[in-house]
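Chemist: What follows is a single structure, and I will ask about it in a moment.
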Amino acid sequence: MQTSSDRHEYPAHWEADVVLRDGGTARVRPITVDDAERLVSFYEQVSDESKYYRFFAPYPRLSAKDVHRFTHHDFVDRVGLAATVGGEFIATVRYDRIGAGGTPATSPADEAEVAFLVQDAHQGRGVASALLEHIAAVARERGIRRFAAEVLPANTKMIKVFMDAGYTQKRSFEDGVVRLEFGLEPTDRSLAVQYAREHRAEARSVQRLLQPGSVAVVGTGRTPGGVGRSILGNIRDAGYTGRLYAVNSAFPEERKELDGVPACRSVRDIDGPVDLAVVTVPAAHVPDVVAECGEHGVQGLVVISAGYADSGPEGRERQRALVRQARSYGMRIIGPNAFGIINTSPEVRLNASLAPEMPRPGRIGLFAQSGAIGIALLSRLHRRGGGVTGVTGVSTFVSSGNRADVSGNDVLQYWYDDPETDVALMYLESIGNPRKFTRLARRTAAAKPLVVVQGARHGGVAPQGHAVRATRLPHATVSALLRQAGVIRVDTITDLVDAGLLLARQPLPAGPRVAILGNSESLGLLTYDACLSEGLRPQPPLDLTTAASADDFHAALSRALADDTCDAVVVTAIPTVGEGAAGDAALAEALRSAAAAVPTKPVLVVHVELGGLAQALSAAASTAPQAGPGTGASQAGPGPGVSQAGPRPAEGAAPAVPAQQPPAVRAPEGARLIPAYPAAERAVRALGEAVAYAQWRRDAADPGKVPEYEDIDEKGAAEQIAGYLARGQGLTLGTQETCELLGRYGVHVHRALPAPTPDDAAAAARALGYPVALKATAPHLRHRADLGGVRLDLADEEQLRRAYAELTELFGKPAELRPVVQGMAPRGVDTVVRAVIDPAAGAVLSFGLAGAATQLLGDMAHRLIPVTDRDATSLIRSIRTAPLLFGWRGSAPVDAAALEELLLRVSRLVDDHPEVVAVTLEPVVVAPHGLSVLGASVRLAPPPARDDLGPRTLPAY
Numbered sequence: 024m025q026t027s028s029d030r031h032e033y034p035a036h037w038e039a040d041v042v043l044r045d046g047g048t049a050r051v052r053p054i055t056v057d058d059a060e061r062l063v064s065f066y067e068q069v070s071d072e073s074k075y076y077r078f079f080a081p082y083p084r085l086s087a088k089d090v091h092r093f094t095h096h097d098f099v100d101r102v103g104l105a106a107t108v109g110g111e112f113i114a115t116v117r118y119d120r121i122g123a124g125g126t127p128a129t130s131p132a133d134e135a136e137v138a139f140l141v142q143d144a145h146q147g148r149g150v151a152s153a154l155l156e157h158i159a160a161v162a163r164e165r166g167i168r169r170f171a172a173e174v175l176p177a178n179t180k181m182i183k184v185f186m187d188a189g190y191t192q193k194r195s196f197e198d199g200v201v202r203l204e205f206g207l208e209p210t211d212r213s214l215a216v217q218y219a220r221e222h223r224a225e226a227r228s229v230q231r232l233l234q235p236g237s238v239a240v241v242g243t244g245r246t247p248g249g250v251g252r253s254i255l256g257n258i259r260d261a262g263y264t265g266r267l268y269a270v271n272s273a274f275p276e277e278r279k280e281l282d283g284v285p286a287c288r289s290v291r292d293i294d295g296p297v298d299l300a301v302v303t304v305p306a307a308h309v310p311d312v313v314a315e316c317g318e319h320g321v322q323g324l325v326v327i328s329a330g331y332a333d334s335g336p337e338g339r340e341r342q343r344a345l346v347r348q349a350r351s352y353g354m355r356i357i358g359p360n361a362f363g364i365i366n367t368s369p370e371v372r373l374n375a376s377l378a379p380e381m382p383r384p385g386r387i388g389l390f391a392q393s394g395a396i397g398i399a400l401l402s403r404l405h406r407r408g409g410g411v412t413g414v415t416g417v418s419t420f421v422s423s424g425n426r427a428d429v430s431g432n433d434v435l436q437y438w439y440d441d442p443e444t445d446v447a448l449m450y451l452e453s454i455g456n457p458r459k460f461t462r463l464a465r466r467t468a469a470a471k472p473l474v475v476v477q478g479a480r481h482g483g484v485a486p487q488g489h490a491v492r493a494t495r496l497p498h499a500t501v502s503a504l505l506r507q508a509g510v511i512r513v514d515t516i517t518d519l520v521d522a523g524l525l526l527a528r529q530p531l532p533a534g535p536r537v538a539i540l541g542n543s544e545s546l547g548l549l550t551y552d553a554c555l556s557e558g559l560r561p562q563p564p565l566d567l568t569t570a571a572s573a574d575d576f577h578a579a580l581s582r583a584l585a586d587d588t589c590d591a592v593v594v595t596a597i598p599t600v601g602e603g604a605a606g607d608a609a610l611a612e613a614l615r616s617a618a619a620a621v622p623t624k625p626v627l628v629v630h631v632e633l634g635g636l637a638q639a640l641s642a643a644a645s646t647a648p649q650a651g652p653g654t655g656a657s658q659a660g661p662g663p664g665v666s667q668a669g670p671r672p673a674e675g676a677a678p679a680v681p682a683q684q685p686p687a688v689r690a691p692e693g694a695r696l697i698p699a700y701p702a703a704e705r706a707v708r709a710l711g712e713a714v715a716y717a718q719w720r721r722d723a724a725d726p727g728k729v730p731e732y733e734d735i736d737e738k739g740a741a742e743q744i745a746g747y748l749a750r751g752q753g754l755t756l757g758t759q760e761t762c763e764l765l766g767r768y769g770v771h772v773h774r775a776l777p778a779p780t781p782d783d784a785a786a787a788a789r790a791l792g793y794p795v796a797l798k799a800t801a802p803h804l805r806h807r808a809d810l811g812g813v814r815l816d817l818a819d820e821e822q823l824r825r826a827y828a829e830l831t832e833l834f835g836k837p838a839e840l841r842p843v844v845q846g847m848a849p850r851g852v853d854t855v856v857r858a859v860i861d862p863a864a865g866a867v868l869s870f871g872l873a874g875a876a877t878q879l880l881g882d883m884a885h886r887l888i889p890v891t892d893r894d895a896t897s898l899i900r901s902i903r904t905a906p907l908l909f910g911w912r913g914s915a916p917v918d919a920a921a922l923e924e925l926l927l928r929v930s931r932l933v934d935d936h937p938e939v940v941a942v943t944l945e946p947v948v949v950a951p952h953g954l955s956v957l958g959a960s961v962r963l964a965p966p967p968a969r970d971d972l973g974p975r976t977l978p979a980y
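Using the numbering used here, the first residue of the sequence shown is number 24, and each one after it goes up by one.
Written out as structure tokens, the structure reads:
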């Protein structure tokens, strides 16, 4: 039982689960007075050498005084943390605050001495590195800015832990001891090191689930049927290459096998290690199964059982307990309420899912939070092997169910390194950590395409069973941020599969120029119109007429691919009859051979009910490349796979392809696979996504930089913000305060003076100089020129007083209108700039035109902060009404450079000071030369906690 400390209450928020280097998990928590026996037991299992490295002398056992010292902490000047597995210590770390000369001290001394001890059996798992991150975060919270450590020169492992952490360090050698001193403020290098360790650990944790050497299915029924028995059969029939066990506590003692698989009454009875347990027992019995698995050393669980957060509040508590219990044993969980996992690699051949047939092996990775959508994805890919686009294949499939532990972020970490996956397709119903997802997506998309469809977009709440933080951002904003990170965002499962097929089989296009050719003029025109709708640049369609032969198609496609003004080709084809017309196999071979001659340009086919052609175009049992020379993706993007036969099913297993499916026509060795689509709009939509993604890849190679401005007063702004926040937890600044703060970042607001009476208005106008504008600033009239609350170009006092009288007559008393007088700004285009810090997604900068374009049409563009110069350039060009800024219909182009600089300055303000939680500049009038900020508001508040800057942790449960 955890108890309070000597001086402070037990800091429960320091508790965390972490993933270690080998993919297992450990619990990090403060050490308390209740841990004396655990500490002694832990120390007894540490080798004499490790004890010597810790205490610089032989130290066989801890004295009672030592135990008291190492378990009694004030959680301020003396702190100890332990990493635990199964409730037992596997490593400890502590710091003691010190003053000048290394003597014990209290606050405000800001230096501490730190020391580690890791059980020998757990050395090399990255435990010390994880503990260092957590003890450093604790120290920063308690006002400590530097750590000092003394290490024996022979203790190279611990020296490496400190040296590799990425902090700014100072190293010295005195009296035979290496002394290390380092600051605790996160640096770019320390964050890079942390992210790299996080990546390796999380990727490994998923690898252990998807590539197990042995699997136990717990809950296999004694009679045919049922979930457990079905999954056991699916694993066996897929030809799983590892050891497989059936487990059911109700088995008779004499039963030794089930369906040819070794049978046991408990996981404990299995002779040998078990890497993965698939749990199908009722939810009430799952805790007993988890305990058995943990005690046997099982590495991970796939929990198929339902009855958790999907069933209401009681089930949610049951789910929390499940995660806590599994993590206490170092296990990770897929599920509960999961559909299962699949790995088609010939070295694994695992179908631990409810899918009755093993998908064909290929280059597409699938992740679905919904079992029903997972079924739909697998089914569509399977069906399209029989008549729409030809055979395509899957590398791995994960259905996370309630996503209590393993999430899409973890699977992304795995796919990034997986050589068997060229394209990642994800169906997400919620994003638990948008900051992290965006970071991982950007890195993944730079190496391989990531296509995402998001469900529950407009419900406003996460699906039942998903415990995630809510974002206040509209779905359109979230989508824009995902696209900025390189994610290919589509709206339907059909679009997801269409884009995945193209990206898995074809190179990325070099640009938006599209050639169209085929034997149907009408289908060609539909394709041309679809290209224009997707923002592509199509060439006039080439009609080969319905009499076109295979040779005609080959020649036309060859010419189009050889044309330097063409980046991609869409071939349209309809059924033909008559002598000389192209047959399916002949046409497919003609297209493949022509495309193979120019492997750097994508080719797509739009067909109308040509099942034979679709089969012939991608005739194969796999999109996976054959081993040997010439395989792999091209530099332009994931290349088309080379056909190869899939793995044979296990003896007696059901065939992977249903018997009723017609056999595919074999493509020649090394043939290029061409995706085919039943509608022009679907093909062109997929091509449009590929073009946009290819452009993002090119832009990502040079992301730009965040410019420095010499006139920015960062320190003065920080002091000003601190002074304001001292008055309250959250406040909207007044006009003068807003202008002063923005001015420190070079954002100057056009001066406006209050005018509570006509005489005050006249005095203000004289101070500002005519011509002036008179505006009502009441909330219901602000920025509503259409309601008549603004009077412009008032040249003298007479016009001003007349306008004042009109406003008060129309809208009420001055106290209700809150009128102000402002000097006239140069004519230009009215725009709006906003920045907001969302607790889930982070800081976001938005831009659009002021007025109806933003308010009615939602025409806003968004970028994550900090914004680079390239981001600012693309931001103002991303809105649909951008032509109004660049000389539309003969108007003068605005000063885009001044607008981009304004965006960069606002981005810097919010990035430098996270207490600035909202900024609105409206309107910003952008003229041909310069711009004028006519209205501004700033809101301050304590910044939301950022989990991407702290130590590595798994989501809390």
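Note that beta-carbon positions come from the ideal geometry of N, C-alpha and C, so glycine has one too.
What did DSSP end up calling Arg-564 once you bin it into helix, strand or coil?
Modeler: Sequence index remark: in the sequence shown, residue 564 carries index 541 (1-based). According to the sequence as given, residue 564 is Pro; it is not Arg. In the structure shown, Pro-564 sits in coil (DSSP, three-state: anything other than H, G, I, E or B).
Chemist: Go through its chain and collect everything with a Cβ distance to Ala-848's Cβ below 8 Å, but skip five positions before and after it.
Modeler: Locating residue 848 in the sequence shown gives position 825, where the first residue counts as 1. Only His-773, Val-948, Ala-950, Ser-955 and Leu-957 meet the Cβ criterion.
Chemist: Take Ile-158 as the anchor and find which of Arg-705, Asp-894, Val-51 and Asn-432 has the nearest alpha-carbon.
Modeler: By one-based count along the sequence shown, residue 158 stands at place 135. The candidate whose alpha carbon is nearest that of Ile-158 is Val-51.
Chemist: With distances taken from CA atoms, which of Asp-211, Ser-213, Pro-176 and Arg-212 is nearest Phe-196?
Modeler: If you number the sequence shown from 1, residue 196 lands on position 173. For Phe-196, the nearest C-alpha among the options comes from Pro-176.
Chemist: In the DSSP output, which residue or residues are listed as bridge partners for Cys-287?
Modeler: Walking along the sequence shown from the start, residue 287 turns up at place 264. Cys-287 is bridged to Val-270.
Chemist: Is it the case that the region 97 to 111 contacts the region 31 to 38, given that we only count it when at least three CB pairs across the two stretches are under 8 Å?
Modeler: Yes, the region 31 to 38 touches the region 97 to 111.
Chemist: Determine the direct distance from the alpha carbon of Ile-516 to that of Gly-394, and round the result to whole angstroms.
Modeler: Taking the sequence shown and counting its residues from 1, the one referred to as residue 394 is at position 371. Taking the sequence shown and counting its residues from 1, the one referred to as residue 516 is at position 493. Straight-line Cα distance between these residues: approximately 13 Å.
Chemist: May I have the straight-line CA-CA distance separating Glu-225 from Val-843, to the nearest angstrom?
Modeler: Counting from one through the sequence shown, the residue named residue 225 turns up at place 202. Counting from one through the sequence shown, the residue named residue 843 turns up at place 820. Using only the alpha carbons, I get a separation of about 57 Å.
Chemist: Once DSSP output is grouped into helix, strand and coil, what is the label at Ile-516?
Modeler: Locating residue 516 in the sequence shown gives position 493, counting from the first residue. Helix, per DSSP.
Chemist: Which residue's Cα is closest to the Cα of Gly-17: Val-501, Glu-612, Arg-857 and Pro-862?
Modeler: Summary: the structure shown does not reach residue 17, with the chain confined to residues 24 through 980, and so no result is reported for it.
Chemist: Alpha carbon to alpha carbon, how far is Glu-72 from Gly-320?
Modeler: Position 49 of the sequence shown, counting from 1, holds the residue named residue 72. Position 297 of the sequence shown, counting from 1, holds the residue named residue 320. One C-alpha to the other measures close to 27 Å.
Chemist: Work out the CA separation of Val-929 and Glu-380 for me, nearest whole Å.
Modeler: One-based indexing of the sequence shown puts residue 380 at position 357. One-based indexing of the sequence shown puts residue 929 at position 906. Glu-380 and Val-929: Cα-Cα distance of roughly 55 Å.
Chemist: Report the three-state DSSP secondary structure of Gly-206 (helix, strand or coil).
Modeler: Here residue 206 is taken as the residue at index 183 of the sequence shown, counted from 1. Three-state DSSP puts Gly-206 in a strand.
Chemist: Let me make sure I understand the geometry here. Which of Asp-918, Ala-921 and Thr-877 has the alpha-carbon closest to that of Ile-902?
Modeler: Your numbering for residue 902 matches position 879 in the sequence shown. Checking every option, the nearest Cα to that of Ile-902 belongs to Thr-877.
Chemist: Evaluate Leu-233 with the Cβ neighbour count: other Cβ atoms within 10 Å of its Cβ, from every protein chain shown; 16 or more gives buried, anything less gives exposed.
Modeler: As a working mapping, residue 233 is identified with position 210 in the sequence shown. Under this definition Leu-233 is a buried residue.
Chemist: Going by beta-carbon coordinates alone, are Gln-342 and Asn-425 separated by less than 8 Å?
Modeler: Walking along the sequence shown from the start, residue 342 turns up at place 319. Walking along the sequence shown from the start, residue 425 turns up at place 402. Yes, the pair counts as a contact, with Cβ atoms nearer than the cut-off.
Chemist: Could you work out which residue in Gly-295, Glu-277, Phe-274 and Val-184 is closest to Val-15 when comparing CA atoms only?
Modeler: Nothing can be reported for residue 15, as the shown portion of the chain is limited to 24 through 980.
Chemist: Confirm, please, whether the CB-CB distance from Asp-433 to Arg-708 is below 8 Å.
Modeler: Locating residue 708 in the sequence shown gives position 685, counting from the first residue. Locating residue 433 in the sequence shown gives position 410, counting from the first residue. Not in contact: Arg-708 and Asp-433 (Cβ atoms no closer than 8 Å).
Chemist: Return the bridge partner residues of Asp-119 from the DSSP annotation.
Modeler: By 1-based counting over the sequence shown, the position of residue 119 is 96. Looking at the DSSP assignment, Asp-119 forms a beta bridge with Arg-101 and Glu-136.
Chemist: Buried or exposed: Val-200, going by 16 or more other Cβ atoms within 10 Å of its Cβ?
Modeler: Position 177 of the sequence shown, counted from the first residue, corresponds to residue 200. Per the 10 Å Cβ criterion, exposed.
Chemist: According to DSSP, which residues form a beta bridge with Lys-798?
Modeler: Position 775 of the sequence shown holds residue 798. Lys-798 is bridged to Val-813 and Val-843.
Chemist: Can you tell which of Ala-349, Val-729 and Leu-435 has its C-alpha closest to the C-alpha of Ala-391?
Modeler: Start at 1 with the first residue of the sequence shown, and residue 391 comes out as number 368. Looking at the Cα atoms, Leu-435 is the closest of the given residues.
Chemist: Please check the pair Leu-345 and Gly-363, which I expect to be a contact at CB under 8 Å, by giving their CB distance rounded to whole angstroms.
Modeler: Numbered from its first residue, the sequence shown carries residue 345 at position 322. Numbered from its first residue, the sequence shown carries residue 363 at position 340. At roughly 17 Å, the Cβ-Cβ gap does not stay under 8 Å, so Leu-345 and Gly-363 are not in contact.
Chemist: Give me the Cα-Cα distance between Pro-235 and Val-371, rounded to the nearest whole angstrom.
Modeler: For the purposes of this step, residue 235 is taken as residue 212 along the sequence shown, with counting starting at 1. For the purposes of this step, residue 371 is taken as residue 348 along the sequence shown, with counting starting at 1. The straight-line gap from Cα to Cα measures roughly 8 Å.
Chemist: Can Arg-975 and Glu-164 be called in contact, C-beta distance under 8 Å?
Modeler: Along the sequence shown, read from residue 1 onward, the residue named residue 975 stands at position 952. Along the sequence shown, read from residue 1 onward, the residue named residue 164 stands at position 141. No; because the gap between Cβ atoms is not below 8 Å, this pair is not in contact.
Chemist: Rounded to whole angstroms, what is the Cα-Cα separation between Pro-81 and Gln-68?
Modeler: For the purposes of this step, residue 81 is taken as residue 58 along the sequence shown, with counting starting at 1. For the purposes of this step, residue 68 is taken as residue 45 along the sequence shown, with counting starting at 1. One C-alpha to the other measures close to 15 Å.
Chemist: I'd like the span of the beta strand (DSSP E) that includes Ile-902, first residue to last.
Modeler: Walking along the sequence shown from the start, residue 902 turns up at place 879. Run containing Ile-902: none; DSSP gives neither H nor E here.
Chemist: Check for me: the alpha helix (DSSP H) holding Ser-73 runs from which residue to which?
Modeler: Indexing the sequence shown from 1 puts residue 73 at position 50. Run containing Ser-73: 71 to 78, per the alpha helix (DSSP H) assignment.
Chemist: Beta-carbon separation of Leu-525 and Pro-625 under 8 Å?
Modeler: Locating residue 525 in the sequence shown gives position 502, counting from the first residue. Locating residue 625 in the sequence shown gives position 602, counting from the first residue. Yes.
Chemist: Can you tell me which of the three DSSP states Pro-652 falls into?
Modeler: For the purposes of this step, residue 652 is taken as residue 629 along the sequence shown, with counting starting at 1. Because Pro-652 carries a pLDDT of 37, less than 50, the predicted location of this residue cannot be relied on, and the following value inherits that uncertainty. Note: Pro-652 maps to coil in three-state DSSP.
Chemist: Rounded to whole angstroms, how far is the Cβ of Tyr-732 from the Cβ of Gly-757, which I believe are closer than 8 Å?
Modeler: Counting from 1 along the sequence shown, the entry for residue 732 is found at position 709. Counting from 1 along the sequence shown, the entry for residue 757 is found at position 734. 25 Å between Cβ atoms; not a contact.
Chemist: Identify which residue in Gly-109, Leu-898 and Ala-219 has its Cα closest to the Cα of Arg-350.
Modeler: The sequence position of residue 350 within the sequence shown is 327, counting from 1. Ranking Gly-109, Leu-898 and Ala-219 by Cα distance to Arg-350 puts Gly-109 first.
Chemist: Which residue wins for smallest C-alpha separation from Gly-973, given the options Asp-934, Gln-562 and Leu-207?
Modeler: For the purposes of this step, residue 973 is identified with residue 950 of the sequence shown, where counting begins at 1. Measuring from the Cα of Gly-973, the nearest candidate turns out to be Leu-207.
Chemist: How long is the line joining the alpha carbons of Gly-47 and Val-417, rounded to whole angstroms?
Modeler: Mapped onto the sequence shown, residue 47 falls at position 24. Mapped onto the sequence shown, residue 417 falls at position 394. Between Gly-47 and Val-417, the C-alpha separation is close to 26 Å.
Chemist: Going by other Cβ atoms of all chains shown within 10 Å of its Cβ, with 16 needed for buried, is Gln-759 buried or exposed?
Modeler: Here residue 759 corresponds to residue number 736 of the sequence shown, with the count starting at 1. Gln-759 comes out exposed.
Chemist: In whole angstroms, what is the alpha-carbon distance linking Ala-138 and Pro-305?
Modeler: Taking the first residue of the sequence shown as position 1, residue 138 is located at position 115. Taking the first residue of the sequence shown as position 1, residue 305 is located at position 282. Cα to Cα, the separation comes out at about 46 Å.
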